[in-house]
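Have a look at the structure below before the remarks.
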Amino acid sequence: MKKVVKIGLSLFAMTALCASGAQAAGGPKPAEMPKAKTIKELAARYDSSGCMECHEDNHDEWSDSLHSRSILGTPRTAPTILTAIEKGLKLFPYSGVKEDKDITVKSLMMCAKCHLPQLNEATDDVAREIVSTIRAWQKAGKEGNDDLYDELEETIASLNIGCMVCHNKLALIHKWADGFAQPDTVYGANDGDHDDENFPKMAVAPALGESIFCGQCHGLGPNYELEHPSQCATIYGSYLFAYVAHGGFETCQDCHMEKSGLGHDMQAYNSDEMIEMALDVKVEGRSLFWRKNKAEGIIPMGVINVEMTNKTGHAIPDG
Ligand code: HEC
Ligand code: HEC
Ligand code: HEC
Ligand code: HEC
Ligand code: HEC
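Take a look at the structure:
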């Protein structure tokens with residue numbers, strides 16, 4: 002048993018080394034962009050619609066995924082952010098947040114770290130605008146003001162994990178080896194020129210095709226780097242310590258993008274393709290009669306054996 006664990010870990014260590022391989026993809030840390038001052042500005046900076054023209058399939062697939070509305074969610078995420086503010090932030094004695102006006106980028110990072118990592122490029126006004134927009138959206142819903150509701154929902158959905166969050170902002174992980182993402186470059190599997198006038202270069206992101214890339218948001222457990230660690234997604238933890246450690250070798254991308262055939266429409270139990278791949282279920286049943294005791298006599302009984310095998314690369318469900 003000990004041996005298996007050891008082999009698993011050394012494989013993982015190798016992946017980490019390969020991921021920070023020799024190709025210099027990035028460059029020196031670029032100067033910080035001026036902070037976005039409104040939701041509109043932040044959304045425009047990461048707008049994915051400009052990529053649609055040439056990458057229509059990727060864009061269509063992405064539009065069907067939860068990544069394309071990562072603050073709105075199913076739409077359960079936006080309301081849960083408000084709950085975290087009311088039942089968490091405002092009740093914690095040292096959070097610095099008593100009212101909505103006290104909310105900052107830092108306070109929202111306990112969710113935005115993964116649901117909207119680019120929020121760290123915005124002012125505190127944007128953090129407050131997000132909260133007031135979610136409140137206004139809920140109010141419009143309650144009052145049956147459909148037009149306003151749809152408009153606000155669109156604004157909330159404009160805050161998302163778009164193309165350039167993955168293909169630029171989070172693309173390079175081992176920055177001391179691979180460099181920092183450059184503002185004129187899309188990161189993928191190839192180097193060269195890129196037809197987009199805003200991003201005329203294309204460069205290799207060594208870890209983009211590896212599980213560690215998804216692990217940046219799909220969680221190991223508590224987010225200790227925050228002053229108040231939050232915990233939401235934990236799948237990367239169970240992937241490393243339960244799946245890879247026991248010999249599993251497929252990546253998140255292998256299962257979720259390739260084998261599923263879903264590409265950028267990364268899905269879970271909401272898609273038939275993923276349900277097919279999730280479990281082997283073997284059920285055996287048999288009926289019999291049993292003499293229970295003198296008073297109750299012979300009673301009919303059934304025995305059902307259920308054997309379930311988790312074929313995914315992690316615990317399910319997550320959370
Ligand atoms: C005018 C057309 C055009 C636009 C607009 C465009 N791309 Fe591309 N992109 C291409 C072409 C063509 C290639 C393939 C280049 C090659 O292989 O020589 C490419 C390649 C890529 C790659 C590398 C794929 C790989 O791994 O080999 C990524 C990533 C990418 N584009 C992302 C984006 C993103 C993100 C946007 C929007 C910000 C975008 N592109 C906008 C035409 C475009
Ligand atoms: C470590 C990264 C991370 C942090 C921090 C995080 N989340 Fe999540 N969250 C995810 C990921 C990834 C998913 C989707 C995958 C899953 O279900 O496991 C998710 C799923 C959810 C869902 C269910 C999705 C839906 O649309 O129904 C809700 C609700 C949610 N998060 C709310 C929050 C709130 C509120 C916070 C802050 C208090 C937060 N999360 C912090 C990564 C994170
Ligand atoms: C959640 C992260 C994520 C988002 C968002 C994302 N991508 Fe990707 N993309 C990937 C990963 C990971 C790969 C590499 C897959 C592999 O190597 O197995 C990839 C591959 C690609 C490729 C090369 C392979 C192919 O399918 O053609 C292109 C082009 C591309 N993405 C464009 C886009 C565009 C355009 C968008 C926005 C509409 C987008 N991506 C959004 C993670 C993402
Ligand atoms: C920037 C952070 C981030 C990255 C990088 C990222 N994800 Fe996600 N992912 C999320 C969040 C946040 C959600 C949930 C959004 C919501 O519903 O609120 C999610 C949702 C999902 C879901 C749907 C879960 C469900 O319950 O339906 C799958 C599957 C998924 N991601 C797979 C991947 C894979 C595979 C990769 C790597 C190729 C990846 N993600 C990269 C943050 C991320
Ligand atoms: C061996 C294939 C396989 C690998 C590897 C794999 N997944 Fe999955 N994953 C699945 C299948 C199948 C499902 C659907 C089952 C479900 O949603 O309950 C799933 C479900 C999920 C879910 C939804 C979990 C839930 O609450 O039900 C998320 C999020 C996710 N995967 C992300 C990832 C990430 C991130 C990685 C890499 C760290 C990864 N997966 C690696 C096959 C895989």
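Numbering (my numbering), first residue to last: 2 to 320. Idealized CB from N, CA, C, for every residue including glycine. Just so it is clear, the structure is predicted and the values come from calculations on it, not from any experiment.
Check	Outcome
Stretch pair the stretch 49-65 + the stretch 145-158: three plus CB contacts closer than 8 Å	no
M165 versus S49: straight-line alpha-carbon distance, rounded	7 Å
DSSP three-state assignment for E87, whether helix, strand or coil	helix
Integer-rounded CB distance, given that I162 should sit under 8 Å from A128	Not quite, the Cβ-Cβ distance comes to about 18 Å (not below 8 Å), so this is no contact.
beta-carbon V132 near ligand 4 non-hydrogen atom, thresh 7 Å	no
Residue burial classification, P207 (beta-carbon count within 10 angstroms, cutoff 16)	buried
Burial state of Q119, where buried means 16 or more other Cβ atoms lie within 10 Å	buried
Given A37 as reference, the closest of K283, R46, M302, P29 once Cα atoms are compared	R46
Residue burial classification, F93 (beta-carbon count within 10 angstroms, cutoff 16)	exposed
heavy atom of ligand 2 below 7 Å from M249 C-beta	The amino acid at residue 249 is misidentified as Met; the sequence shows Gly. Not so, every heavy atom of ligand 2 lies at least 7 Å from the Cβ.
Residue range of the beta strand (DSSP E) that includes M203	202-205
Own chain partners of E100 with C-beta closer than 8 Å, once the 5 adjacent residues on each side are dropped	K91
Close-in-space but distant-in-sequence residues of the same chain around C215 (CB under 6 Å, 5 per side omitted)	C253
Secondary structure, beta strand (DSSP E): runs of 3+ residues fully inside the stretch 249-309	280-294
Pocket of ligand 4 defined by Cβ to heavy atom distance under 6 Å	L67, H68, S71, G74, T75, T78, C115, H116, P118, I162, V166, C167, L171, F214, C215, Q217, C218, H219, C253, Q254, H257, M267, Q268, A269, N271
Closer than 7 Å: G27 CB and nearest ligand 1 heavy atom	no
Buried/exposed call for L117, threshold 16 Cβ in 10 Å	buried
Continuous alpha helix (DSSP H) assignments of at least 4 residues falling wholly in the stretch 71-131	78-85, 106-116
V205 versus E198: straight-line alpha-carbon distance, rounded	19 Å
Same chain, Cβ closer than 6 Å to E285, five either side skipped, listed in chain order	N306
Beta carbon of A246 nearer than 8 Å to that of D319	no
Start-to-end residues for the beta strand (DSSP E) that takes in T186	186-189
Near ligand 1: V98 beta-carbon under 7 Å from a heavy atom	no
Cross-strand partners of N199 (DSSP beta bridge)	Answer is none; N199 lacks a bridge partner.
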